[in-house]
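Per the working numbering, the sequence shown starts with residue 1278, numbered consecutively.
In this text, a Cβ means the ideal position worked out from N, Cα and C, and glycines have one as well.
Please read these numbers as outputs of a predicted model, since none were measured by experiment.
Some notes on the structure that comes next.
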Amino acid sequence: MKDKRVLYVSSEVIPYLPETDISSTSFEAAKMVNNQGGQIRIFMPRFGNINERRHQLHEVIRLSGINLVINDLDMPLIIKVASIPKERMQVYFIDNEDYFKRKATLTDEEGNLFDDNDERAIFFAKGVIETVKKLNWSPDIIHVHGWLASLLPLYLRNYYGNEPLFSNARIVTSVYNQSFDETLNTEMQEKVLFDGMEDEDVKHLGEPNYVNLIKTAVDNSDAIILSGDNVPDELKTYVNRLNKPVLPYKNREEFTQAYQDFYATKVLKQ
């Protein structure tokens, strides 16, 4: 992985949010590539429950200041950055007052999904891509973690399909255990279609539940990693029918070497 460029896009990363399978795997995978001499960029949302003072987040003025159109509304994009202590790794945060100011991540105090999670996912996908464009940084691999990031492969392959910066990038999606049972806003499909997608591109989003969000991600990915030990059977079956490289679930003791081998022999060799 020496000198390879890997973009990690995750809904959560330690130490900024509590340790979960997603937050720890996103961190450990990036750390592995960084230690091997690869170049990495990590992106996550700047949720309102992230302590900016403790983690020393600061706005990057040269990257902020553009508006993203979400469902025909202009939404300002703010980019913040912080360094993970002792790891020499930077994390970029996608921020917006309307979408990410609330002191929570994806659900309210009663555990109910926020009504605008669909728009937050669209904003996050577009925000990451626009920021990488501003950085003029062309990744070899783009590795997606978490359902909030699940629209990134769709937008890369379609909305930004002619962007030369990403023309050689290979997209990997990690599939985790199901994290919610409800559906997102039922107008999500219409909001994505507003960005010029074809009906076939968003066929799963007519019912935007967890399984269908992940199906949308893997449809537009080059390789898939099963990162949970209890991935829904429907998703396992769907993934295995796609005729794409799939890395089976590995526990924490063995996943770093498995990821390294998978990147080198399955993803980059395509």
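* Using 8 Å as the Cβ pair cut-off and three pairs as the minimum, do the stretch 1414 to 1433 and the stretch 1354 to 1361 touch? -> no
* Asked: If we count the other Cβ atoms within 10 Å of its Cβ and call it buried at 16 or more, is Arg1397 buried or exposed?
  -> buried
* **Asp1417 versus Leu1433 - alpha carbon distance** => 14 Å
* By DSSP, does Pro1430 sit in helix, in strand, or in coil? -> helix
* Pull up the distance between the alpha-carbon of Val1508 and that of Asn1497, whole angstroms please. => 19 Å
* To do: If I'm right that Ala1381 touches Gly1325 with Cβ under 8 Å, what's the distance once you round it to whole angstroms?
  => 7 Å
* Which first and last residues belong to the alpha helix (DSSP H) in which Lys1536 is found? -> The displayed chain sequence assigns Tyr, not Lys, to residue 1536. Note, Tyr1536: alpha helix (DSSP H), Phe1532 to Phe1539.
* Asked: Taking Pro1292 as the reference, which of Val1544, Arg1331 and Val1310 has the closest Cα?
  -> Arg1331
* Taking three-plus beta-carbon pairs below 8 Å as touching, is the stretch 1300 to 1317 in contact with the stretch 1332 to 1344? -> no
* Where the beta strand (DSSP E) through Lys1403 begins and ends -> Unbroken run through Lys1403 is the alpha helix (DSSP H), Asn1394 to Leu1412; no beta strand (DSSP E).
* Measure the alpha-carbon distance for Glu1386 versus Ser1451 and round it to whole angstroms. => 27 Å
* To do: Throw me the rounded Cβ distance for the Ser1303 and Val1290 pair, which I believe falls under 8 Å.
  => 5 Å
* **Phe1242: first and last residue of the uninterrupted beta strand (DSSP E) it sits in** => No answer is possible for residue 1242: the residues shown for the chain start at 1278 and end at 1547.
* **Inter-residue spacing [alpha-carbon to alpha-carbon] between Trp1414 and Glu1407** => 11 Å
* **alpha helix (DSSP H) runs wholly inside the stretch 1445 to 1495, at least 4 long, in chain order** => 1465 to 1470
* To do: Figure out for me which residue from Ala1494, Ser1287 and Asp1472 has the closest Cα to the Cα of His1422.
  => Ser1287
* **Runs of beta strand (DSSP E) wholly within the stretch 1306 to 1391 (minimum 3 residues, chain order)** => 1316 to 1322, 1344 to 1347, 1350 to 1353, 1355 to 1361 and 1366 to 1372
* Asked: Do you know how far the Cα of Asp1393 is from the Cα of Leu1383?
  -> 9 Å
* Asked: Does the Cβ of Val1523 lie closer than 7 Å to at least one heavy atom of the ligand PLP?
  -> Absence of the ligand PLP from the depicted structure is noted, as is the absence of any ligand whatsoever, leaving it without description.
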